Amino acid sequence: MKMIRFTALLALPRQRASALCGLLLLAFSSVSSADSLRVGMPLPGQVPFFWRDDSGVYKGIYADTLRLIAAELRVDLEFVPLSQARLRRHFIVGEIDIEAGVSTNLEVPQELQKVSLYSRPFGIVNEVIIYRPELSFPVFILKDLEGRRVATVRGTTVPDSLIREDFSNQLQIAQRVHRGWNDIGLMTEDMALLYRREKNLNYEISLPYVSNPVTFRLHSAKRDLLKPMNRSIARLEQQGELDRVVCKYLCGTAVLPD
41 MKMIRFTALL
51 ALPRQRASAL
61 CGLLLLAFSS
71 VSSADSLRVG
81 MPLPGQVPFF
91 WRDDSGVYKG
101 IYADTLRLIA
111 AELRVDLEFV
121 PLSQARLRRH
131 FIVGEIDIEA
141 GVSTNLEVPQ
151 ELQKVSLYSR
161 PFGIVNEVII
171 YRPELSFPVF
181 ILKDLEGRRV
191 ATVRGTTVPD
201 SLIREDFSNQ
211 LQIAQRVHRG
221 WNDIGLMTED
231 MALLYRREKN
241 LNYEISLPYV
251 SNPVTFRLHS
261 AKRDLLKPMN
271 RSIARLEQQG
281 ELDRVVCKYL
291 CGTAVLPD
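Each residue of the sequence shown is one higher than the one before, counting from 41 in my numbering.
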């Protein structure tokens, strides 16, 4: 890159020099913003996908996948913890550049859709119903749960026909169904299987009632990064790196919360 000789500005008329300074500052700010991505992390976080531990380190499948992509794109990541509602508002006005683990199957407000670009999928999340083994009704589709009290994670989207009882994380749901404090809960299949196996919890797991490919939502102001990001995701998938990230969090017990 050629060095810019700022002394040359002194020879220009004041108005032209002022205008040129403005253009130079705009160019430098564009380069600077292109070298970093502000990543919105919904609070309170969700193990094993995306959360901040007690020491302030951002962990999870989504965080590690983003780090691999950022290393290939040579951009820095700035993680910004926000409530889901604030994250959406910040994204719309361009104060957040990227959101992880977004399903394109869900409807979003028009103002959000206007500024949203979506990467190619980098994973799939299956949603399942867990229930006490003695229950005899066929809890395999949400319609069967109409009018029933169901344990859910606070902030998740569920049909209005359910009577939801919100909790902060999926482990609480798994433990409550295991102890009989709730008959039915909704959670992701991977965590339902992992908690049942590693924590010796007793409940049945339905077939997935919905499977959501997950992507990264990129702000339209960062559109130049979309194609390189997609190439990076494809390469990481082909090399098996995405599977290794998932296995890091789901093939052992080290990351399970207490």
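Beta carbons are placed, not taken as given, at the ideal position from N, Cα and C, and that holds for glycine.
Being a predicted model, the structure only gives us computed values, none of them experimental.
Nearest candidate by alpha-carbon position, reference Gly280, set Trp91, Thr105, Val87 and Arg216: When Trp91, Thr105, Val87 and Arg216 are compared, the shortest CA-CA separation from Gly280 is found for Thr105.
Which of helix, strand or coil DSSP assigns to Asp75: Reduced to three states, the DSSP call for Asp75 is coil.
Cβ-based neighbour list, Arg128, same chain, cut-off 7 Å, excluding 5 preceding and 5 following: So the qualifying residues of the chain are Leu152.
Who are Leu122's beta bridge partners in DSSP? Leu122 has Pro82 as its beta-bridge partners, per DSSP.
Buried or exposed: Leu247, going by 16 or more other Cβ atoms within 10 Å of its Cβ? The residue in question, Leu247, is exposed, as its Cβ has fewer than 16 Cβ neighbours within 10 Å.
Taking three-plus beta-carbon pairs below 8 Å as touching, is the segment 184-203 in contact with the segment 250-267? No, the segment 184-203 does not touch the segment 250-267.
Going by CA-CA distance only, name the one from Ala140, Asp75 and Arg114 that's closest to Lys99. Distances from the CA of Lys99 to each of Ala140, Asp75 and Arg114 were compared; the closest alpha carbon is that of Ala140.
Outcome for Val254 when other beta-carbon atoms lying within 10 angstroms are tallied against a minimum of 16: Result: buried.
Would you decide whether Glu186 is buried or exposed? Buried here means 16 or more other CB atoms lie within 10 Å of its CB. Exposed, by the Cβ-count rule.
Answer yes if the segment 153-170 comes into contact with the segment 111-120, meaning at least three C-beta pairs across the two stretches below 8 Å, and no otherwise. Judged by Cβ distances under 8 Å, the segment 111-120 makes no contact with the segment 153-170, as fewer than three pairs qualify.
When burial is assigned at 16 or more other CB atoms within 10 Å of the CB, is Ala232 buried or exposed? Burial call: buried.
Taking the alpha carbon of Met227 as the reference point, which residue from Ile170, Gly96, Glu147 and Phe162 has its own alpha carbon closest? Nearest C-alpha to Met227: Ile170.
So, are the CB atoms of Phe207 and Arg194 less than 8 Å apart? Taking 8 Å as the Cβ cut-off, Phe207 and Arg194 qualify as a contacting pair.
Quick check on the burial criterion: 16 or more other C-beta atoms within 10 angstroms. Buried or exposed for Gly62? Interpretation of Gly62 is limited by its pLDDT of 47, a score under 50 that renders its predicted location unreliable; the figure taken from the coordinates is listed afterwards. The residue in question, Gly62, is exposed, as its Cβ has fewer than 16 Cβ neighbours within 10 Å.
If we ignore side chains and look at the alpha-carbon of each, how far apart do Ile136 and Arg271 end up? C-alpha of Ile136 to C-alpha of Arg271: approximately 22 Å in a straight line.
Look at the alpha carbon of Lys183 and the alpha carbon of Tyr249, and state the distance between them as a whole number of angstroms. When rounded, the distance between both Cα atoms is 10 Å.
Neighbourhood of Leu122 by C-beta, 8 Å cutoff - its chain only, sequence neighbours within 5 removed: By the criterion of a C-beta distance shorter than 8 Å, Leu122 is surrounded in its chain by Gly80, Met81, Pro82, Leu83, His130 and Ile136, once the five residues flanking it on both sides are discounted.
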